[in-house]
Amino acid sequence: MSRNIRTRFAPSPTGYLHIGGVRTALFSWAFSKKNQGKFILRIEDTDLDRSTPESVQAILDGMHWVGLDYDEGPFYQTQRFDRYAAMIQELLVAGHAYYDYTTKEELEAMRAQAEAKGEHFWYDRRWRPEAGKTLPCIPEGIPPVVRFKMPLDGITAWDDLVKGHIEISNHELDDLIIARADGSPTYNFCVVVDDFDMNITHVIRGDDHVNNTPKQINILKAMKAALPQYAHLPMILNESGAKMSKRRDAVSVVDYDRQGILPEALLNYLARLGWGHGDDEFFSMAQFIDWFDLADVSPSASRFNHEKLLWLNAQHIKNTADDVLSVMVRPRLHVRGIEEQEQPALANIIKLVKERVQDLNQLADECAYFYAKATPTAEETAKHWDNDAPPRMLRFAERLEALNNWTAEDIHALFKPFCDDEGIKMGKLGMPLRLAVCGTSKTPSIDAVLALIGREEVLRRIRE
Ligand code: GLU
Numbered sequence: 025m026s027r028n029i030r031t032r033f034a035p036s037p038t039g040y041l042h043i044g045g046v047r048t049a050l051f052s053w054a055f056s057k058k059n060q061g062k063f064i065l066r067i068e069d070t071d072l073d074r075s076t077p078e079s080v081q082a083i084l085d086g087m088h089w090v091g092l093d094y095d096e097g098p099f100y101q102t103q104r105f106d107r108y109a110a111m112i113q114e115l116l117v118a119g120h121a122y123y124d125y126t127t128k129e130e131l132e133a134m135r136a137q138a139e140a141k142g143e144h145f146w147y148d149r150r151w152r153p154e155a156g157k158t159l160p161c162i163p164e165g166i167p168p169v170v171r172f173k174m175p176l177d178g179i180t181a182w183d184d185l186v187k188g189h190i191e192i193s194n195h196e197l198d199d200l201i202i203a204r205a206d207g208s209p210t211y212n213f214c215v216v217v218d219d220f221d222m223n224i225t226h227v228i229r230g231d232d233h234v235n236n237t238p239k240q241i242n243i244l245k246a247m248k249a250a251l252p253q254y255a256h257l258p259m260i261l262n263e264s265g266a267k268m269s270k271r272r273d274a275v276s277v278v279d280y281d282r283q284g285i286l287p288e289a290l291l292n293y294l295a296r297l298g299w300g301h302g303d304d305e306f307f308s309m310a311q312f313i314d315w316f317d318l319a320d321v322s323p324s325a326s327r328f329n330h331e332k333l334l335w336l337n338a339q340h341i342k343n344t345a346d347d348v349l350s351v352m353v354r355p356r357l358h359v360r361g362i363e364e365q366e367q368p369a370l371a372n373i374i375k376l377v378k379e380r381v382q383d384l385n386q387l388a389d390e391c392a393y394f395y396a397k398a399t400p401t402a403e404e405t406a407k408h409w410d411n412d413a414p415p416r417m418l419r420f421a422e423r424l425e426a427l428n429n430w431t432a433e434d435i436h437a438l439f440k441p442f443c444d445d446e447g448i449k450m451g452k453l454g455m456p457l458r459l460a461v462c463g464t465s466k467t468p469s470i471d472a473v474l475a476l477i478g479r480e481e482v483l484r485r486i487r488e
């Protein structure tokens, strides 16, 4: 019987939640959901110099914001030091690991020698116990590191679910340090113990870890663990084809929130980076889970395309319920100093304007003038506001005031007769009217806008 699928996302909390990390988490999450498995969050915080509580929080917040829910965790490696220490002892006792008392000076000498010969530096395994070999005398006052006994011959191989068959000669593997001289466990070792203890069946992670995999496989074998399957995901490059960098690119999920990207749109976009389902561009996470298969993940790097993200974002805005969008727009109005009022209801405004925008900031801008008239730009004023405009707007206000039913249709019905009476084209009414009421000429149908703003407020704004 196959094991229950268990995947994990294991970020190191040394900065922010990176967009590449979110894509890794997404694929791991989708794979577990698709297979009725469990998705586990593990915080790899053993690098005490670089891990910060703020960064842990950024990861938790980021995961929450994108909506990638985990079934277990967060587990913290720093809370598992006893377990790592116990496992190191087990490997020592079983003869899979050994104490190494090599001094810094000796290591330097080995390194210098290798460099002089133009060779790769290897630890010469002088402390590795072998049958018939006499080990050096244990020096005094040197706290040893613990090294893992890598196999000396043969190959380590796995069938990567994304990259295909990968193998490496064991000659290329050093006897890895698994515990430092102060007893603290090292990175690759913690990952292995965790994947083992957490019963991870599928390790889905960035392909920057391909080189770690043979080391990890050999440790797992020594621990008599069932090997997980590996899927190494290719990198996401920026639009110029370079590695995403904090300086040039939006790389933290918070940046996308700030840009007004919906979490669903970001996930939809990230799903399409390196994975595809025919020509489908716009889809929900439920569809993604349904369609997702690691076999369809491309083994080569993909490029970020901001235009496409914005296009998808617009689709998601159109497809998101107005009251859900209200919740997202509200804080954005607040930052703009706009006070939401009962009338018009924010959801009704959103319904009217949401087809016009690509992100939530634009959406907030489009909602803002319903509550407080914007200040028209000099350009717009010059273009649409002449000396005839003020008296004409006042004359139109009278017709609005006299209207029986305050509906978009009835307001609309006023336009033609008014323009005929004034001897003007519709543009000479519509544009100044927009400026007078909204403070911007860029609005949806002005009849619908006026209907929503309400008669009293419309008249007040025109007469002001
Ligand atoms: N902590 C590693 C990282 O942030 C991931 C390790 C793994 O997935 O095995 O890149």
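Per our numbering, residue 25 is the first one in the sequence shown, and the count goes up by one each step.
For each residue, glycine too, the CB sits at the ideal point set by N, CA and C.
A quick note: this is a predicted structure, and the numbers were derived from the prediction, not measured.
Query raised in the report: Who are residue 215's beta bridge partners in DSSP?
Result: Looking at the DSSP assignment, residue 215 forms no beta bridge with any residue, so it has no partner.
**Report entry** For residue 50 and residue 188, the rounded distance between their alpha carbons
**Finding:** 21 Å
Query raised in the report: How would you call residue 178, buried or exposed, if buried means at least 16 neighbouring beta carbons within 10 angstroms?
Result: Residue 178 comes out exposed.
Query raised in the report: Given a threshold of 16 other Cβ atoms within 10 Å of its Cβ, counted over all protein chains shown, does residue 309 qualify as buried or as exposed?
Result: buried
Query raised in the report: Taking just the CA atoms, how far does residue 81 sit from residue 319?
Result: 33 Å
Query raised in the report: To which residues does DSSP link residue 96 through a beta bridge?
Result: 64
Requested in this report: Please state whether DSSP places residue 42 in a helix, a strand or coil.
Outcome: strand
Query raised in the report: Looking at residue 233 and the ligand GLU, is the gap between the Cβ and the nearest heavy atom below 8 Å?
Result: yes
Query raised in the report: Touch check for the stretch 218 to 228 and the stretch 243 to 252: three-plus C-beta pairs under 8 Å?
Result: The stretch 218 to 228 vs the stretch 243 to 252: in contact.
Query - residue 193, buried or exposed, once every other Cβ within 10 Å from all chains shown has been counted against 16 - result: exposed
Query raised in the report: Just to check, is the beta-carbon of residue 35 closer than 8 Å to a non-hydrogen atom of the ligand GLU?
Result: yes
Query - First through last residue of the alpha helix (DSSP H) which encompasses residue 241 - result: 237 to 246
Query raised in the report: When DSSP builds the beta bridges, which residues end up paired with residue 191?
Result: 181
Query raised in the report: Considering only the beta carbon of each residue, do residue 458 and residue 482 sit closer than 9 Å?
Result: It is not a contact, given that the beta carbons lie outside the stated cut-off.
**Report entry** Counterpart residues of residue 124 in DSSP-defined beta bridges
**Finding:** 169
**Report entry** Short CB-CB distance (under 9 Å) between residue 79 and chain B
**Finding:** The structure shown contains no chain B, having only a single protein chain.
Query raised in the report: Exposed or buried, what is residue 462 when buried is set at 16 or more other beta-carbons lying within 10 Å of its beta-carbon?
Result: buried
Report task. Could you tell me the distance, in whole angstroms, from the CA atom of residue 107 to the CA atom of residue 211? Result -> 14 Å
Query raised in the report: Once you ignore the five residues that flank residue 280 on each side, which residues in its own chain have a CB closer than 7 Å to its CB?
Result: 274 and 290
Query raised in the report: Does the Cβ of residue 25 have 16 or more other Cβ atoms within 10 Å, making it buried, or fewer, making it exposed?
Result: The predicted model places residue 25 with a pLDDT of 41, which falls under 50 and marks its position as unreliable; any figure quoted below should be read in that light. Residue 25 is exposed by the Cβ-count criterion.
Query - Residue range of the unbroken beta strand (DSSP E) whose run includes residue 202 - result: 201 to 203
Query raised in the report: What are the start and end residues of each continuous beta strand (DSSP E) run of 3 or more residues lying completely inside the stretch 286 to 338, in chain order?
Result: none
Query raised in the report: On the three-pair Cβ rule with 8 Å, is the stretch 233 to 249 touching the stretch 70 to 80?
Result: no
**Report entry** the ligand GLU heavy atom lying under 8 Å from the CB of residue 68
**Finding:** yes
**Report entry** N-terminal and C-terminal residue of the alpha helix (DSSP H) that residue 353 is part of
**Finding:** Run containing residue 353: 346 to 359, per the alpha helix (DSSP H) assignment.
Requested in this report: Find the nearest neighbour of residue 447 within the set 393, 412, 297 and 376, judged by alpha-carbon distance.
Outcome: Considering only alpha carbons, the answer is 412.
**Report entry** residue 209 - partner residues in DSSP beta bridges
**Finding:** 203
Query raised in the report: Would you say the beta carbon of residue 236 comes nearer than 8 Å to a heavy atom of the ligand GLU?
Result: yes
Requested in this report: For residue 342, collect the residues of the same chain with a Cβ closer than 7 Å to its Cβ; drop the 5 residues on either side in sequence, then sort them by chain order.
Outcome: Its chain contains 378 and 379 as the residues whose beta carbon lies nearer than 7 Å to that of residue 342, once the 5 sequence neighbours on both sides are disregarded; these appear in chain order.
Query - Exposure label - residue 44; buried when at least 16 CB within 10 Å - result: Classification for residue 44: buried.
Requested in this report: Reducing DSSP to helix, strand and coil, say where residue 266 ends up.
Outcome: It is coil, neither helix nor strand.
Query raised in the report: Should residue 86 be listed as close to the ligand GLU, given that the test is whether its C-beta is under 8 Å from any heavy atom?
Result: no
Query raised in the report: Which residues in the same chain as residue 123 place their Cβ atom closer than 7 Å to its Cβ, once the five residues preceding and following it in sequence are excluded?
Result: 151, 168 and 170
Query raised in the report: Can you name, in chain order, every residue of its own chain whose Cβ lies under 7 Å from the Cβ of residue 92, other than the five neighbours on each side?
Result: 49, 50 and 53
Query raised in the report: With respect to 8 Å, is the separation between the Cβ of residue 230 and the closest non-hydrogen atom of the ligand GLU below this value?
Result: yes
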